[in-house]
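Undergrad:
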Amino acid sequence: MSGGGSIANDGEAAAAAGGGGRGEVTFTVVMSCLTAGAGGLLLGYDIGVTVVMSCLTAGAGGLLLGYDIGVTGGVTQMESFLQAFFPEVLRKMSSSKQDAYCIFDSQVLNAFVSSFYLSTMVASLVAGHLTKTLGRRNSLLIAGVLFFAGTLLNLAAVNISMLIIGRILLGVAVGFSSLAAPVYLAEISPARWRGAFTSSIGFFANFGFLMADMINYRATTMASWGWRLSLGAGIVPAIIVIVGAASIPDTPNSLALRGRLDEARDSLRRIRGAGAAAADVDAELKDIVRAAEEDTRYESGALRRLLRREYRPHLVMAVLITVFYEMTGGVVVGIFTPLLFYTVGFTSQKAILGSIITDVVSISSVAVAAVVVDCRGRRTLFMVGVAVLILCQVAMAWIFGAELGTDGGRAMPRGYAVAVVALVCTYAAGLCVSWVPLSSVVTSEIFPLEVRSAALGLGGAISSALTFMQSQSFLEMLCSFKYGAFAYYTGWLVVMTAFVAVFLPETKGVPIESMGAVWAQHWYWRRFVQPAPAKQADGPE
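For the sequence shown, the positions run 48 to 588 when my numbering is used.
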């Protein structure tokens, strides 16, 4: 549940301007995309070489988030970790009379998990401004440094306080990378392939999950210090993001926004490749500068501007796309998958093995989404994915209610436990072809430059707040609602399906600075926006 290189921009100036271009993906572009995507690895397992480093840096939001979510779910049911910090949970795991739904219901354990998301929320409130003033690349660099520091603190932790302070630093790092990475990717990618490049964040987030779970699987066999290996291995993705961010150019859009036009031209040339015609580069740069000048006219008050009538569609999408993504239940499943598998009767190590299988399915699904998102469109993937999610949630509610019971006092038969693993894998596949990549794709491309950072910062803060609330309350909700927890998320899925069907316009192939025409043509949103002339997409769809 997230680039480091440059991408040749072929239809608009580095993802912020519309226009002509050859749509060539150069080495610098791929490097930037890979580096930006590396951040995602850190997310899954705080993780990435020019190709790998660039991918890691660009997907940094995903890599960093992926690693942390993955490693957290594993260590919270690791006996050596629980013995050191949460002995009361370990005692409940050993009790034969314990309600299976309530084994991990501990406020201190919840605080360990959720402190990460609380700090991410706070960081998101300021990351939008800093990403605009310091640049996209520098924000990724800051994220890597903070993630490194937080990982070291967790590695050396001897008490709960050190653990939580370390997780706060990790959360701040992800707050920066989760905002900077999708903006970086959107601004350097060609319109024709923007969905695929921005989807790399989700790919690296899930790769981060996989790396974390593989390390957790080995660490569970280490009697006393396995948890330190799991938490400390996040140093690797942090270093990759730091080195990657230091080696890639900032986006031409970000440089132009800060008045550094010569550097913006040089960055655009690197992105476009050595064979790009100077006239094409100058034409794209002109579009970028025009957008930057429009932003400069409204130097302050981006959040206040979002409240204006003409930005009503953008405000609604910034809030609801974020809310709906969080309420798919995907983040909760990502965090607590090993605990869920332990609840249905698997041993600690087999629960992590089940999580690894889920990770592989997730990575494959994100890769499929990246291939088809720019040919089938965003709306189609949303609808297909949500249909799968609804079926899986209903099936899990039925199995838990019928086989585990309402009091959690019965052991679940092994065949049904295996069915739960299969359903979680199917659920992950549906999520990873829809909401995981598309929540980043859509929110990174629909906002005008003058409110882009503010809107994404607002969305990031909302996302972190909801993840904090869910990570703090899910184990208690599972203990109280039992199998009804799955029905709760099913209701949300029905609501978001209706919203996407009625209110979300299709944006595939539309240059990022031509999105105004999309809103102006929508049956509902056109009443709020001023008509904008449409620009042609930069290549065949």
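C-beta: ideal position from N, C-alpha, C; glycine also. Quick caveat: nothing in here was measured; it's all calculated off a predicted structure.
Using C-beta distances below 8 Å, list every residue in its chain close to Ile404, excluding the 5 sequence neighbours before and after it, in chain order.
TA: Val468, Cys472
Undergrad: Cβ of Thr119 within 7 Å of any heavy atom in the ligand FMN?
TA: For the ligand FMN, the structure offers nothing, since it holds no ligand at all.
Undergrad: So is Arg21 buried or exposed if we call it buried at 16+ other beta carbons inside 10 Å?
TA: The chain is shown only over 48 to 588; residue 21 falls outside these bounds and no answer can be derived.
Undergrad: Between Glu234 and Ile335, what straight-line distance do the alpha-carbon atoms span, to the nearest angstrom?
TA: 10 Å
Undergrad: Under the rule that 16 or more other beta-carbon atoms within 10 Å means buried, what is Arg275, buried or exposed?
TA: buried
Undergrad: Between Leu566 and the rest of its own chain, which residues show a CB-CB distance below 6 Å, the 5 nearest in sequence each way excluded?
TA: What sits at residue 566 in the sequence shown is Trp, not Leu. Apart from sequence neighbours up to five positions away, the residues of its chain that approach Trp566 with a beta-carbon distance below 6 Å are Pro360, Trp572, Val576, ordered along the chain.
Undergrad: For Ser225, count neighbouring C-beta atoms within 10 Å of its own C-beta (all shown protein chains included) and say buried if the count is 16 or more, exposed if not.
TA: Ser225 comes out buried.
Undergrad: Assuming Leu165 and Phe515 are in contact, meaning their beta carbons sit under 8 Å apart, how far apart are those beta carbons, in whole angstroms?
TA: 5 Å
Undergrad: Can you tell which of Leu428, Tyr372, Gly424 has the C-alpha that lies nearest to the C-alpha of Ser412?
TA: Leu428
Undergrad: Out of Gly213, Phe132, Leu386, point me to the one whose CA is closest to Ile399's CA.
TA: Leu386
Undergrad: Look at Phe223 and Gly113 and say whether their C-beta atoms are less than 8 Å apart.
TA: no
Undergrad: Report yes if the CB atom of Ala338 is closer than 8 Å to the CB atom of Gly191, and no otherwise.
TA: no
Undergrad: Do Ser277 and Gly121 have their C-beta atoms within less than 8 Å of each other?
TA: yes
Undergrad: Straight-line CA distance for Ala270 to Ser127?
TA: 6 Å
Undergrad: Is the beta carbon of Ala475 closer than 8 Å to that of Phe250?
TA: no
Undergrad: Closest to Val221 by CA distance: which of Val379, Glu450, Phe195 is it?
TA: Phe195
Undergrad: Three or more beta-carbon pairs under 8 Å between the segment 294-311 and the segment 255-267, yes or no?
TA: no
Undergrad: Residues in its own chain within less than 6 Å of Leu362 by CB, not counting five upstream and five downstream?
TA: Leu353
Undergrad: Given a threshold of 16 other Cβ atoms within 10 Å of its Cβ, counted over all protein chains shown, does Ser491 qualify as buried or as exposed?
TA: With 16 or more Cβ atoms within 10 Å of its Cβ, Ser491 is classed as buried.
Undergrad: Would you report the Cα separation of Cys526 and Cys149, rounded to the nearest angstrom?
TA: 5 Å
Undergrad: Can you find the residues in the same chain that come closer than 6 Å, C-beta to C-beta, to Phe528, ignoring five residues on each side of it along the sequence?
TA: The beta carbon of Phe528 is closer than 6 Å to none in its chain, skipping five residues each way along the sequence.
Undergrad: How would you label Asn206, buried or exposed, when you count the other beta carbons within 10 angstroms and need 16 or more for buried?
TA: Classification for Asn206: exposed.
Undergrad: Please report how far the alpha carbon of Leu451 lies from the alpha carbon of Met459, in whole angstroms.
TA: Straight-line spacing of the CA atoms in Leu451 and Met459 works out to 5 Å.
Undergrad: Taking the C-alpha atoms as reference points, what is the distance between Ile282 and Phe159?
TA: 19 Å
Undergrad: Where Gly424 and Gly556 are concerned, what is the direct C-alpha to C-alpha distance, given to the nearest angstrom?
TA: Going by the C-alpha atoms only, they are around 9 Å apart.
Undergrad: Does chain D have any CB closer than 8 Å to the CB of Thr514?
TA: The displayed structure is made up of one protein chain only, and chain D is not part of it.
Undergrad: Classify Glu553 as helix, strand or coil using the three-state DSSP reduction.
TA: coil
Undergrad: Take Ser301 and list the residues in its own chain whose beta-carbon comes closer than 6 Å to its own, dropping the five residues that flank it on each side.
TA: Gly182, Arg183
Undergrad: Which two residues bound the contiguous alpha helix (DSSP H) that contains Gln568?
TA: 562-568
Undergrad: Which residue's Cα is closest to the Cα of Val483: Leu503, Met125, Glu373?
TA: Glu373
Undergrad: Enumerate, from N- to C-terminal direction, the unbroken alpha helix (DSSP H) stretches of 4 or more residues contained entirely within the segment 194-269.
TA: The qualifying runs are 207-235, 241-266.
Undergrad: Starting from Cys472, trace the alpha helix (DSSP H) both ways and give me its first and last residue.
TA: 461-479
Undergrad: Following the continuous alpha helix (DSSP H) through Gly279, name the residue where it begins and the one where it ends.
TA: 273-279
Undergrad: Rounded to whole angstroms, what is the Cα-Cα separation between Phe151 and Ile509?
TA: 26 Å
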